[in-house]
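The sequence shown begins at -18 in the working numbering and counts up one residue at a time. Don't be surprised by glycine CBs; every beta carbon is placed ideally from N, CA and C. Notes follow the structure.
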Amino acid sequence: MSDTPYSVLDIETRRYLDLQDAPVHIRERLSITLAPRAYEPELDDLRRDWVASVAVPAFKLIRQRQETVHAFCAIGTGTGLDVLAATEILGATHLGLTDIHADVVHAARLNILSNLNAAHPVRLDTGYGDLLAPLARYPATRYDLIYENLPNVPLDDASLIAQARTSGAHFQPRSESVPDDIQRQLLSLHFLALRQAHAHLTENGSVLSMLGARIPLAVYRHMAQQAGHHAEIHTYGWKLQDEAEDVIRGHAAQQQAGYGPFHFYAPEALDNAFGQAGPAIAGEQAEAIEAQLVPHRLDPFQALAALQQGAAIGHTYVALRSRPL
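Printed below as a string of structure tokens:
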């Protein structure tokens, strides 16, 4: 357990969720308690923030398609901002959340309940532990949308997972059977979440996986199929690499150990390839954009060298929408 004190963040909802009008379901200013082991949102540069730059456009596309999401669940929620975003954008009234640390879940639960507008009451399912396992205490519960933004890099020392914010990027190696090709692409947790989701989805429910697309897009569809789902590219985009040295160095070590290969890019190459296409349009054009980026790939060693010389490094991301077969 960390001795680092909790901190409180003040977040302007309209800016964070990129809303044209005042929020309806949550407060105009969010007071977010940050547990020491929760991943800190990138409030000074929202393009680096996963919820603001990746999850929010994905939720807005679901709303644009007029899909019904009464019940929403976030695996590995951290601060609970992903749940608050889904509450506002999708109008969800039945909410679920999990994280591996009890203190993180406790803070996230309080963050959600204290930032709702009084006219939007919700049912809230919470639990700490592994992936969807904590929700077994709600045996009849099913969700229309399960959202996951999970770590990729295994870390052998379990004691380190409990330290600081290590669990934001790393996880303890798994004992379950995971196909070798899925493990080699650092997708074990995403695969296991998809497998577990079968027991927690409504009849027309789906899983929305947030993936830093440092590997070919075809691998994600293959992963979903292996887990018993049909997947589509929901949204596609790029972002600057957050915690760049640690993340790139971690991918370099994994690639040297036989995993991957993994790809990073100079921001200029990403900007040219995506042009003015927003996440939804880029999702429709994902394969063409990916092909355009192939000559500009940097492996983790090249990306680390460029970073150490002062260059910015980016990567693509994909929101993968998966439905059971």
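- Spanning the alpha carbons of V32 and D161 requires a straight line of approximately 30 Å.
- Under the three-state reduction of DSSP, F172 is assigned to helix.
- Counting other Cβ atoms within 10 Å of its Cβ, L131 reaches 16 or more and is therefore classed as buried.
- In the three-state reduction of the DSSP assignment, V37 falls in the helix class, which pools H, G and I.
- Taking C-beta atoms under 8 Å as the contact rule, L78 and L94 fail to qualify, at a distance of about 11 Å.
- Note on A234: under 16 other CB atoms within 10 angstroms of its CB, so exposed under the neighbour-count rule.
- By the neighbour-count criterion, in which a residue is buried when 16 or more other Cβ atoms sit within 10 angstroms of its Cβ, E184 is exposed.
- For Q45, the closest alpha carbon among the candidates Q177, L112, L71, A114 is that of L71.
- As computed with DSSP, H210 is found in a beta bridge with P305.
- Here the alpha carbon of L91 sits roughly 33 Å from the alpha carbon of E157.
- Within a 10 Å sphere around the beta-carbon of S(-12) sit fewer than 16 other beta-carbons, which makes this residue exposed.
- CA-to-CA, the gap between G256 and E268 works out to about 15 Å.
- Fewer than three pairs of CB atoms, one per stretch, sit closer than 8 Å, so the stretch 3 to 19 makes no contact with the stretch 231 to 249.
- Annotation for F282: the continuous alpha helix (DSSP H) segment containing it runs 281 to 289.
- Under DSSP, M191 shares a beta bridge with A300.
- Under the three-pair Cβ rule at 8 Å, the stretch 178 to 197 counts as touching the stretch 289 to 301.
- Under the three-state reduction of DSSP, I294 is assigned to coil, being neither helix nor strand.
- Membership of V(-11) in any alpha helix (DSSP H) is not indicated; the residue belongs instead to the beta strand (DSSP E) covering -12 to -7.
- For L116, there is no enclosing beta strand (DSSP E), since its DSSP letter is neither H nor E.
- Annotated as proximal: L126 and F53, with beta-carbon spacing under 7 Å.
- Annotated as proximal: H211 and L306, with beta-carbon spacing under 7 Å.
- Contact between G59 and Y20 is confirmed by a C-beta separation of about 5 Å, below the 8 Å threshold.
- Here the alpha carbon of L285 sits roughly 40 Å from the alpha carbon of H181.
- The C-alpha of T68 is placed about 20 Å away from the C-alpha of A261.
- Look at I127 here: in three-state DSSP terms it is strand.
- For G264, the enclosing alpha helix (DSSP H) covers residues 260 to 265.
- The beta-carbon separation of L175 and V159, rounded to 11 Å, does not stay under the 8 Å limit for a contact.
- Using a C-beta cut-off of 8 Å, the stretch 36 to 44 makes no contact with the stretch 110 to 121, since fewer than three inter-stretch Cβ pairs fall below that distance.
- The beta carbon of S34 is closer than 7 Å to those of L27, R28, K220 in its chain, skipping five residues each way along the sequence.
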